[in-house]
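Participant: First the structure, which I've put down as structure tokens, then a few questions once you've had a look.
Numbering (my numbering), first residue to last: 151 to 237.
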């Protein structure tokens, strides 16, 4: 697993890339790539929206590297911030 924390005042974005494995007949499973998720919270600990301390960005598509998965998820997290945390 690969983690990165980004401070984007007044928010903190925590990104996590995980390996994506797929079944393989001969080898049992093989690494298909990496997918990433994120949580967004406020630096001051207050709620983002009423009743919500963190906003989650779900797994995106599979990328060939951890870095590309993280970049994609960071873009999606920043889009969510800019759009006011769509539900």
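Ideal placement from N, C-alpha and C gives every residue a C-beta, glycine not left out. Source: prediction; values computed, not measured.
Can you tell which of 154, 153, 164, 229 has the C-alpha that lies nearest to the C-alpha of residue 192?
Facilitator: Residue 192 sits at position 42 when you count from the first residue of the chain shown. Taking only the C-alpha atoms, the option nearest residue 192 is 164.
Participant: Evaluate the contact criterion for the stretch 213-225 versus the stretch 177-188: three or more CB pairs, one atom per stretch, below 8 Å.
Facilitator: Contact holds: three or more Cβ-Cβ distances are below 8 Å.
Participant: Leaving out five residues on either side along the sequence, give the residues of the same chain with a beta carbon under 6 Å from the beta carbon of residue 153.
Facilitator: The residue labelled residue 153 in the question sits at position 3 within the chain shown. Excluding sequence neighbours, residue 153 sits near 166.
Participant: Let me make sure I understand the geometry here. Which of 159, 155, 231 has the alpha-carbon closest to that of residue 194?
Facilitator: Walking along the chain shown from the start, residue 194 turns up at place 44. Minimum Cα distance to residue 194 is reached at 159.
Participant: Given that a residue counts as buried once 16 or more other Cβ atoms are within 10 Å of its Cβ, and exposed if not, what is residue 180?
Facilitator: Residue 180 sits at position 30 when you count from the first residue of the chain shown. With fewer than 16 Cβ atoms within 10 Å of its Cβ, residue 180 is classed as exposed.
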